[in-house]
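If you count by my numbering, then the sequence shown holds residues 133 to 233, one letter each, in order.
Below is one structure, written out as C-alpha cells, with a few remarks after it.
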Amino acid sequence: MNKTQLIDAIAEDAGITKAAAKSALESFLKNVGQTLTNGEKISLVGFGSWSVSERAEREGRNPQTGKAIKIAAKKVVKFKAGADLDGAVNTPVKAAPKKKK
Numbered sequence: 133m134n135k136t137q138l139i140d141a142i143a144e145d146a147g148i149t150k151a152a153a154k155s156a157l158e159s160f161l162k163n164v165g166q167t168l169t170n171g172e173k174i175s176l177v178g179f180g181s182w183s184v185s186e187r188a189e190r191e192g193r194n195p196q197t198g199k200a201i202k203i204a205a206k207k208v209v210k211f212k213a214g215a216d217l218d219g220a221v222n223t224p225v226k227a228a229p230k231k232k233k
C-alpha cells in the first residue's frame, strides 16, 4: 500500500473527504517526525512504538574491493510492534479446502 492508497482507505473508513484524510495523515507523519527528532518515544497501545537509538561508529568493508571503511555514527528509528498488530500479522491463515478429484 502506498500513501495515496492509504489516504483513500482512511477517507473511506472514516467517512471523510480524501483532502481531510490527506491532511490528517500528513499531520500524523509530521508530528511523529518532530517527536522522534526531539528524542522522545511514541507509543500507540496495541499498534506499536517508535524510538530513536544511537548507532556507534563502526568498521565495514567495501564489497567491491574488500577495503576497510569507517561507517559514521548515526541515529536510527526503531519500531516495535504492539501485541494487537503482532497478533494480527501472525494469525494463521486457514488453508483453502482441497478440491475433490
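Backbone N, C-alpha and C define an ideal beta-carbon position, used for all residues, glycine too.
Fair warning: this is a prediction, and the values are worked out from it, not measured in the lab.
Starting from residue i, follow its DSSP beta bridges and name the residues at the other end.
| i | result |
| --- | --- |
| Leu176 | Gly180 |
| Gly192 | Ile201 |
| Ala213 | Gly180 |
| Lys207 | Glu186 |
When the distance is taken between beta carbons, is residue j closer than 8 Å to residue i?
| i | j | result |
| --- | --- | --- |
| Thr136 | Ala143 | no |
| Ala205 | Arg187 | yes |
| Ser183 | Lys199 | no |
| Phe179 | Gly214 | yes |
| Ser181 | Lys207 | no |
| Leu168 | Leu138 | no |
Just to check my reading of the structure: residue i and residue j have Cβ atoms closer than 8 Å, yes? What is that Cβ distance to the nearest angstrom?
| i | j | result |
| --- | --- | --- |
| Lys210 | Ser185 | 5 Å |
For residue i, count neighbouring Cβ atoms within 10 angstroms of its own Cβ and tell me buried if that reaches 16, exposed if not.
| i | result |
| --- | --- |
| Ala153 | buried |
| Ile201 | exposed |
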